[in-house]
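All remarks here apply to the structure that follows.
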Amino acid sequence: MKKFIYIICTGIVCTCAGGVSAQANAIYQQQFESFRMQAQTQLSQFRDSINREYAEYLERSWEQFTLQQAKQVPVTPLPDEDTRYIEDKDTNPPTEVVVDSIVPTPLYQSVEKFPSVDTQKKKTEETIKLSYFDTPIEISKFEGFGRRLVNVQEKQIASFWRQLSHTPYQQLIQELLDVKEEMYLNDWGFYQLILQVSDVYYLPVQVNEKTVFSIFILNQTGYRAKIGRVGNTLISLLAFQTEVYGKPFLHLPDGNYYVISADAISGGQVFSYRLNYEPSKVSLNLTAKMPVRLSMQTKMREITVEKSKYTIEYNENLITFYQAYPQTEFSVYANTPISVATCKSLEKELTPFLKEKSEREAVGYLIYFVQKGFAYKTDTEQLGHEKCFFAEEMFHFPFSDCEDRAILFSHLVRSFLGLEVVLLDYDDHVATAVKFKSNEVSGDYVDINKERYVVCDPTYIGAPIGRAMTRYKNKKARILFLN
Numbered sequence: 101m102k103k104f105i106y107i108i109c110t111g112i113v114c115t116c117a118g119g120v121s122a123q124a125n126a127i128y129q130q131q132f133e134s135f136r137m138q139a140q141t142q143l144s145q146f147r148d149s150i151n152r153e154y155a156e157y158l159e160r161s162w163e164q165f166t167l168q169q170a171k172q173v174p175v176t177p178l179p180d181e182d183t184r185y186i187e188d189k190d191t192n193p194p195t196e197v198v199v200d201s202i203v204p205t206p207l208y209q210s211v212e213k214f215p216s217v218d219t220q221k222k223k224t225e226e227t228i229k230l231s232y233f234d235t236p237i238e239i240s241k242f243e244g245f246g247r248r249l250v251n252v253q254e255k256q257i258a259s260f261w262r263q264l265s266h267t268p269y270q271q272l273i274q275e276l277l278d279v280k281e282e283m284y285l286n287d288w289g290f291y292q293l294i295l296q297v298s299d300v301y302y303l304p305v306q307v308n309e310k311t312v313f314s315i316f317i318l319n320q321t322g323y324r325a326k327i328g329r330v331g332n333t334l335i336s337l338l339a340f341q342t343e344v345y346g347k348p349f350l351h352l353p354d355g356n357y358y359v360i361s362a363d364a365i366s367g368g369q370v371f372s373y374r375l376n377y378e379p380s381k382v383s384l385n386l387t388a389k390m391p392v393r394l395s396m397q398t399k400m401r402e403i404t405v406e407k408s409k410y411t412i413e414y415n416e417n418l419i420t421f422y423q424a425y426p427q428t429e430f431s432v433y434a435n436t437p438i439s440v441a442t443c444k445s446l447e448k449e450l451t452p453f454l455k456e457k458s459e460r461e462a463v464g465y466l467i468y469f470v471q472k473g474f475a476y477k478t479d480t481e482q483l484g485h486e487k488c489f490f491a492e493e494m495f496h497f498p499f500s501d502c503e504d505r506a507i508l509f510s511h512l513v514r515s516f517l518g519l520e521v522v523l524l525d526y527d528d529h530v531a532t533a534v535k536f537k538s539n540e541v542s543g544d545y546v547d548i549n550k551e552r553y554v555v556c557d558p559t560y561i562g563a564p565i566g567r568a569m570t571r572y573k574n575k576k577a578r579i580l581f582l583n
């Protein structure tokens, strides 16, 4: 009976709710705000306890490790004489490319959303003005940062960590994440932003302080990173979701931690620790889902293909951003989108030539554009070292090699024609293959899950669709799917 009466009374309250909705809403809002503040306080207390425990760990748990030698960037030294198509000499019948392995589109982890902080405490009157790859940024200047390290011994580092945990770092991180979202920064871009902020809070000579600060902010945000010590210098040890080349690294059971900030270290010993900061579970992701939004520093590249001239616009600030990248896996470059400005420029220049063309004719036009519009040189000849280009960098550098051309061509075909493209990764060469909607397109091909992809090689200068270089007709290729 008591339960029945309760239900009836509840119903009466509901029918009368319209008359007191404003009051009820105010009470609900007050209760929600109280709950939010309580949850935020509990979260802050939880973080405080973690930082206390981690500082205690940093005070006593360092050990000496041997750094592993940097892995060299895979080289694709295709000789120039192999890049010219001579029709009279290419009389071989169409062949099927032998598949070595299929590399699926990588799946990357993302950090969990950072708990929002009290917006009333978020902004301060004094601000920091940054120039992020020539793009102005303004964030609040919070007090409490800027302390000096007396030395780089464990107790001092632990003390520094404790001091950072008592700063308004959560408010700072919230603003940095807001900038990250507004500018479409990927994890690498976010790390660069942290470095920019460290330059404001610490003097140029305070390299060690900047290192601890940057690792502290990365850890609090959810990224795996550690502090290392070589002599009297502290270095950043960063975990990535892809292989990083040209950088020495510390190998631990949970993965590799790369020395990004110290090019001079090519091996030897480093002091560090094993335990990860508890909330940090995700490695830095070098890929980008969206092109970074930077201020426009317009540069023009004029491309001549026989009697046709194309003027392509690109952002020099974006090129500078890409040049700060560590060398990494091929898939990162291939899957990074082209900026909006360059896409619009390409659309303006190329679309008139693609109108009313058949599928085959349009692909043929684009492959000819890449073959003839860009001069070929290996990276070693042009730069003195191996370097894979992001698609946009093709318009900045005077020369390009096979993987660079394959990346740009794959972007053009996917963007303008909506066709699927895979990359054919040989031991010393990279080409592409296109899945045509029409089955009438013939030539050398690769069969992937009973789907036919016709070879299109943007480095085989003058070669039509369906022609693989003779030396690769019987070689195995790794197949890379693109986003």
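Under our numbering, the residues of the sequence shown are numbered 101 to 583, in order. C-beta atoms are modelled at their ideal positions from N, C-alpha and C, and glycine is treated no differently.
According to DSSP, what are the bridge partners of residue i?
i           : result
residue 428 : 344
residue 475 : 499
residue 393 : Its beta-bridge partners do not exist; DSSP assigns none.
residue 369 : 166
residue 248 : According to DSSP, which records beta bridges pairwise, residue 248 is partnered with nothing at all.
residue 408 : 405
residue 184 : 561
residue 201 : 578
For the alpha helix (DSSP H) that contains residue i, what are its first and last residues?
i           : result
residue 313 : 307-321
residue 444 : 440-454
residue 528 : Neither: residue 528 is in no alpha helix (DSSP H) and is coded neither H nor E.
residue 274 : 269-282
residue 417 : 416-423
Pick helix, strand or coil for residue i, following the three-state DSSP scheme.
i           : result
residue 400 : strand
residue 556 : strand
residue 116 : Note that residue 116 scores a pLDDT of 40, beneath 50, so its modelled location is shaky; the value from the coordinates is reported in the next line. Note: residue 116 maps to helix in three-state DSSP.
residue 386 : coil
residue 514 : helix
residue 207 : coil
residue 356 : strand
residue 263 : helix
residue 139 : The predicted model places residue 139 with a pLDDT of 46, which falls under 50 and marks its position as unreliable; any figure quoted below should be read in that light. DSSP places residue 139 in helix when its eight states are reduced to three.
residue 302 : coil
residue 519 : coil
residue 133 : Residue placement at residue 133 is poorly supported in this model, since its pLDDT is 49, which falls under 50; the coordinates are not used for a value here.
residue 74  : This structure cannot settle anything about residue 74, because the visible part of the chain is limited to 101 through 583.
residue 564 : coil
residue 195 : coil
residue 569 : coil
residue 149 : helix
residue 378 : coil
residue 413 : strand
With the cut-off set at 8 Å, would you say residue i and residue j are in Cβ contact?
i           : j           : result
residue 533 : residue 559 : no
residue 415 : residue 380 : no
residue 327 : residue 312 : yes
residue 293 : residue 232 : yes
residue 476 : residue 405 : no
residue 211 : residue 284 : no
residue 384 : residue 323 : yes
residue 359 : residue 348 : yes
residue 581 : residue 183 : no
residue 418 : residue 235 : no
residue 264 : residue 316 : yes
residue 197 : residue 541 : no
residue 346 : residue 426 : yes
residue 208 : residue 420 : no
Using only CA atoms, which one of the options lies nearest to residue i?
i           : options            : result
residue 516 : 464, 481, 238      : 464
residue 267 : 253, 244, 557      : 244
residue 433 : 296, 456, 454, 342 : 342
residue 498 : 482, 467, 507      : 482
residue 562 : 361, 445, 264, 472 : 472
residue 368 : 160, 166, 147, 583 : 166
residue 320 : 299, 291, 334, 308 : 291
residue 506 : 445, 579, 447, 338 : 579
residue 529 : 193, 448, 504      : 504
residue 435 : 502, 522, 449      : 522
residue 449 : 255, 552, 402      : 402
residue 256 : 162, 443, 195      : 162
residue 247 : 509, 457, 336, 307 : 307
From what residue to what residue does the beta strand (DSSP E) around residue i run?
i           : result
residue 165 : 163-166
residue 328 : 325-330
residue 581 : 576-581
residue 232 : 227-232
residue 547 : 545-548
residue 235 : 235-240
residue 335 : 333-338
For a test of your reading of the model: does the CB of residue i fall under 7 Å from any non-hydrogen atom of the ligand ADP? Yes or no.
i           : result
residue 476 : The ligand ADP is not among the ligands present in this structure, which contains no ligands whatsoever.
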